[in-house]
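Per the numbering used here, residue 3 is the first one in the sequence shown, and the count goes up by one each step.
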Amino acid sequence: MFADFSRDHIRPQEKLEELPDLAWNRVKGEANEKHSKALLNFADEESKKIANEIARRTVDEKVREAKASATRLEAEARLSQTNEMLARVTLVERCKSMGVLPVWNRSGEMTFLNAPANFDWDGLTQRLLSQDELGQTEEPSTDLDAQGGGPPTP
Numbered sequence: 003m004f005a006d007f008s009r010d011h012i013r014p015q016e017k018l019e020e021l022p023d024l025a026w027n028r029v030k031g032e033a034n035e036k037h038s039k040a041l042l043n044f045a046d047e048e049s050k051k052i053a054n055e056i057a058r059r060t061v062d063e064k065v066r067e068a069k070a071s072a073t074r075l076e077a078e079a080r081l082s083q084t085n086e087m088l089a090r091v092t093l094v095e096r097c098k099s100m101g102v103l104p105v106w107n108r109s110g111e112m113t114f115l116n117a118p119a120n121f122d123w124d125g126l127t128q129r130l131l132s133q134d135e136l137g138q139t140e141e142p143s144t145d146l147d148a149q150g151g152g153p154p155t156p
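In structure tokens form, the structure reads like this:
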């Protein structure tokens with residue numbers, strides 16, 4: 003009776019015949035799973051490589067932009083210095099034609115004094131053009147004799 007039930011309902015012979023196919027399907031499934039994981043890992047690594055390359059290129063571009071900006075700023079600074087030099091020469095020429103002498107205090111504020119008739123304008127021009135830093139002026143001496151602008155000493 004158990005044998006009849008087993009043969010009719012459980013069918014062990016069919017199960018034994020299906021066993022190699024089931025085992026093979028399991029092996030194929032595990033292989034497919036491993037293959038899928040390997041593909042995902044590969045895709046993740048490739049994504050990281052691409053992101054790193056994009057970041058590297060972006061950094062290179064930012065470095066180029068920074069260098070270009072620095073070069074532009076340096077050129078603008080040189081042009082500004084040139085313009086300031088020209089403005090200084092123009093200031094001396096205008097002051098000479100008006101007979102006034104520009105004088106700066108320690109704060110950099112400028113005032114004008116009447117220039118002596120024999121003032122050394124070329125010396126003033128040289129002093130204005132030879133300063134180390136264009137943004138700063140020297141405190142001019144109030145002694146016009148020392149500047150060559152006072153009356154000749156005997």
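Quick reminder that beta carbons are idealized off the backbone N, C-alpha and C, glycines included.
(message) Residues in the same chain with beta-carbon distance under 6 Å from ALA77, minus the five sequence neighbours each way, listed in chain order, please.
(response) For ALA77, where only same-chain residues beyond five positions count, there are no Cβ hits under 6 Å.
(message) Here's a check: name, in chain order, each residue in its chain whose Cβ is nearer than 8 Å to the Cβ of VAL61, leaving out the five neighbours to either side.
(response) none
(message) For the pair the stretch 106-125 and the stretch 83-92, tell me if three or more CB-CB distances fall below 8 Å.
(response) no
(request) Would you give the residue range spanned by the alpha helix (DSSP H) that GLY125 belongs to? (result) 123-131
(message) To the nearest angstrom, how far is the alpha carbon of GLU19 from that of ALA25?
(response) 11 Å
(request) Return the CA-CA distance between SER132 and ALA117, expressed in angstroms with no decimal places. (result) 21 Å
(request) Whole angstroms is fine: what's the gap from ARG129's alpha carbon to ALA79's? (result) 21 Å
(request) Under the assumption that LEU115 contacts LEU103 (Cβ atoms under 8 Å), give the Cβ distance between them as a whole number of angstroms. (result) 5 Å
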